[in-house]
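Residue numbers (the working numbering): 2 to 337.
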Ligand SMILES: *Cc1c(COP(=O)(O)O)cnc(C)c1O
């Protein structure tokens with residue numbers, strides 16, 4: 002039986018997502034690079050949040066919530082996906098947009114995910130707190146209090162690490178899905194590479210693999226914090242996920258790997274080297290990466306190949322976590 006089958010969930014993502022080989026990248030790098038197309042989960046431009054929301058909203062409905070509340074950056078894929086899920090399921094939704102990235106770019110504020118959130122007519126609250134998760138959560142709590150006074154039943158989908166990681170269950174499920182696909186294709190995987198942000202994806206995937214008996218390294222590529230702080234975060238989240246599943250809480254904690262060389266110059270900002278990786282993927286495979294997450298995670302994969310951590314002839318699965326609409330918020334990438 003699937004590890005997560007006893008938890009409430011709703012159906013949002015098109016699953017299983019495709020696992021396919023990147024033939025051009027593979028022949029150019031000498032490594033067998035496969036891609037798990039979680040950019041194509043179906044829910045309004047896809048991405049990893051569709052899998053996470055299946056379990057968060059499962060909980061919300063269990064608690065008979067009638068309005069979802071969440072928070073994220075102006076170009077948040079999570080916010081866009083939450084609004085799309087709420088619209089699909091007919092639940093009310095309010096979102097909070099944080100000014101996490103300091104830019105006056107009109108495209109950043111109005112195009113990409115920001116455009117989609119407006120298009121779906123979500124109630125939007127703007128908060129000017131910069132990059133402060135606790136302040137963002139407190140603002141959500143205050144809004145939930147107001148809604149409760151009005152007789153509503155709000156459910157908060159938080160991003161900080163101080164809550165039950167229901168969303169990570171979506172990636173425990175994805176780990177089982179992936180192992181089955183590998184078996185069907187008859188491939189032996191030597192490495193996984195995935196973006197590591199709130200760490201729901203990284204911790205869920207790692208815990209799901211370990212619980213299924215796989216000891217293959219999972220390389221988390223930092224997109225928001227340096228490797229030292231991210232390892233702590235993944236550790237805390239994996240422990241919590243393992244507890245939810247009634248597993249040894251330390252089943253994954255010895256094998257947490259994070260790399261932060263693609264992080265610079267910080268969350269939501271992209272270096273020239275990472276921008277070159279974004280263009281390389283578009284031009285060699287016709288696949289779009291986004292500047293905040295996946296250009297960094299794929300750049301991380303390329304660095305690991307360069308460093309020989311992923312050796313010639315080995316097989317790596319890259320988890321494409323989505324983010325495609327955000328490309329339209331960064332038109333400067335294609336200028337010059
Ligand atoms: C949110 C997001 C991530 C990071 O996933 P976490 O589960 O928060 O670590 C990676 N890629 C994309 C495109 C995202 O939107």
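Virtual Cβ for every residue (Gly too), placed ideally from N, Cα, C.
Quick check on the DSSP output: the alpha helix (DSSP H) that includes residue i runs from which residue to which?
{"i": "residue 25", "result": "24-30"}
{"i": "residue 211", "result": "201-212"}
{"i": "residue 1", "result": "In this structure the chain extends from 2 to 337, so residue 1 is not present and cannot be described."}
{"i": "residue 19", "result": "Where residue 19 is concerned, there is no enclosing alpha helix (DSSP H), given that its DSSP letter is neither H nor E."}
{"i": "residue 118", "result": "113-120"}
{"i": "residue 83", "result": "78-90"}
Consider the C-beta atom of residue i and the heavy atoms of ligand 1; say whether any pair is separated by less than 6 Å.
{"i": "residue 57", "result": "no"}
{"i": "residue 324", "result": "yes"}
{"i": "residue 198", "result": "yes"}
{"i": "residue 201", "result": "yes"}
{"i": "residue 221", "result": "no"}
{"i": "residue 331", "result": "no"}
{"i": "residue 209", "result": "no"}
{"i": "residue 294", "result": "yes"}
{"i": "residue 48", "result": "yes"}
Measuring CB to CB, does residue i end up less than 7 Å from residue j?
{"i": "residue 211", "j": "residue 241", "result": "no"}
{"i": "residue 136", "j": "residue 130", "result": "yes"}
{"i": "residue 52", "j": "residue 171", "result": "yes"}
{"i": "residue 132", "j": "residue 88", "result": "no"}
{"i": "residue 202", "j": "residue 49", "result": "yes"}
{"i": "residue 13", "j": "residue 54", "result": "yes"}
{"i": "residue 178", "j": "residue 17", "result": "yes"}
{"i": "residue 76", "j": "residue 114", "result": "yes"}
{"i": "residue 322", "j": "residue 39", "result": "yes"}
{"i": "residue 297", "j": "residue 222", "result": "yes"}
What residue range is occupied by the uninterrupted beta strand (DSSP E) comprising residue i?
{"i": "residue 197", "result": "192-197"}
{"i": "residue 95", "result": "93-99"}
{"i": "residue 69", "result": "68-74"}
{"i": "residue 319", "result": "316-321"}
In angstroms with no decimal places, state the Cα-to-Cα distance between residue i and residue j.
{"i": "residue 230", "j": "residue 127", "result": "27 Å"}
{"i": "residue 270", "j": "residue 293", "result": "6 Å"}
{"i": "residue 23", "j": "residue 190", "result": "14 Å"}
{"i": "residue 314", "j": "residue 335", "result": "33 Å"}
{"i": "residue 62", "j": "residue 142", "result": "19 Å"}
{"i": "residue 295", "j": "residue 319", "result": "10 Å"}
{"i": "residue 37", "j": "residue 184", "result": "14 Å"}
{"i": "residue 194", "j": "residue 151", "result": "45 Å"}
{"i": "residue 219", "j": "residue 28", "result": "23 Å"}
Please go through the same chain and pick out, in chain order, the residues whose beta-carbon is closer than 7 Å to the beta-carbon of residue i, but skip the five residues on each side of it.
{"i": "residue 232", "result": "257, 259"}
{"i": "residue 289", "result": "283, 325, 328"}
{"i": "residue 153", "result": "67, 68"}
{"i": "residue 112", "result": "329, 330"}
Excluding five sequence neighbours on each side, which residues of the same chain lie with their C-beta closer than 6 Å to the C-beta of residue i?
{"i": "residue 174", "result": "5"}
{"i": "residue 199", "result": "160"}
{"i": "residue 268", "result": "225"}
{"i": "residue 46", "result": "325, 326"}
In chain order, what residues of the same chain lie with their CB nearer than 8 Å to the CB of residue i, ignoring the 5 residues before and after it?
{"i": "residue 186", "result": "20"}
{"i": "residue 9", "result": "56, 59, 60, 62, 63"}
Taking 6 Å as the cut-off, does the CB of residue i come closer than this to any heavy atom belonging to ligand 2?
{"i": "residue 78", "result": "Ligand 2 is absent from the structure shown, which contains only ligand 1."}
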